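In this note's numbering, the protein residues as written are 46 to 197.
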DNA sequence: GCCAACGTTGGC
DNA sequence: GCCAACGTTGGC
């Protein structure tokens with residue numbers, strides 16, 4: 046059973062255009078337990094992802110991605126020079142996880158947050174709720190389909 | 001740049 | 001284990 050996700054990135058740090066150039070990327074630096082658990086326990090190869098631009102004007106879904114490698118140790122937690130370093134982690138005791146995702150497409154129409162908020166069928170999406178800070182969020186198949194249509 | 005929401009930390 | 005203080009996220 047395939048699952049669907051929304052992943053947030055600040056375009057000043059990593060945008061859909063960077064992603065399109067790279068083709069694939071690892072999603073390191075998530076330091077939130079809820080988001081960690083989704084990546085570690087639930088994301089599977091083949092799952093589809095809405096690539097979301099946050100903390101920008103306007104915020105919204107910029108395109109699509111696909112999971113190509115399931116959860117594994119976020120090795121930046123082992124690097125003392127990294128800002129993601131976690132002294133409690135070791136190769137045998139991974140604490141933080143990441144996944145690899147592949148670029149699928151950049152939307153012809155950027156689906157901004159206003160549109161997400163008003164589109165029928167998306168009322169329950171986590172990202173439209175106030176104060177929703179989670180950077181990796183589950184979405185339903187139906188929600189994914191609606192957003193994909195809005196973007197194409 | 002402000003600040004509300006919310007997660008994390010640490011004193012007790 | 002409570003909760004105040006603090007830090008971060010992210011829309012506006």
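Where a beta carbon is used, it is the ideal one built from N, C-alpha and C, also for glycine.
Just so we're clear, the structure is a prediction, and the values are computed from it rather than from any experiment.
Based on DSSP bridge pairs, tell me the residues matched to residue i.
i, result
"residue 94", "50 and 110"
"residue 118", "142"
"residue 70", "146"
"residue 105", "98 and 157"
On the criterion of 16 or more Cβ atoms from any shown chain inside 10 Å, does residue i qualify as buried, or is it exposed?
i, result
"residue 180", "buried"
"residue 176", "exposed"
"residue 64", "buried"
"residue 136", "exposed"
"residue 88", "buried"
"residue 80", "buried"
Just to check my reading of the structure: residue i and residue j have Cβ atoms closer than 8 angstroms, yes? What is that Cβ distance to the nearest angstrom?
i, j, result
"residue 155", "residue 107", "6 angstroms"
"residue 75", "residue 84", "7 angstroms"
"residue 167", "residue 188", "6 angstroms"
"residue 105", "residue 142", "Not a contact, Cβ separation roughly 26 angstroms."
"residue 110", "residue 96", "5 angstroms"
Taking contact to mean at least 3 C-beta pairs separated by less than 8 angstroms, is the stretch 165-178 in contact with the stretch 120-129? By the Cβ rule, the stretch 165-178 does not count as touching the stretch 120-129, because fewer than three pairs are nearer than 8 angstroms.
Below 8 angstroms, can you find three or more Cβ-Cβ pairs linking the stretch 50-64 to the stretch 181-196? The stretch 50-64, when compared against the stretch 181-196, does touch it at the 8 angstroms Cβ threshold.
Is there contact here, the stretch 121-140 with the stretch 100-111, by at least three beta-carbon pairs under 8 angstroms? Between the stretch 121-140 and the stretch 100-111, the count of Cβ pairs shorter than 8 angstroms is below three; the stretches do not touch.
Could you pull out every unbroken beta strand (DSSP E) segment of at least 3 residues lying fully inside the stretch 123-183, listed in chain order? DSSP runs (the beta strand (DSSP E)) wholly in the stretch 123-183: 142-157.
At least three beta-carbon pairs within less than 8 angstroms, the stretch 142-152 to the stretch 68-85: Contact holds: three or more Cβ-Cβ distances are below 8 angstroms.
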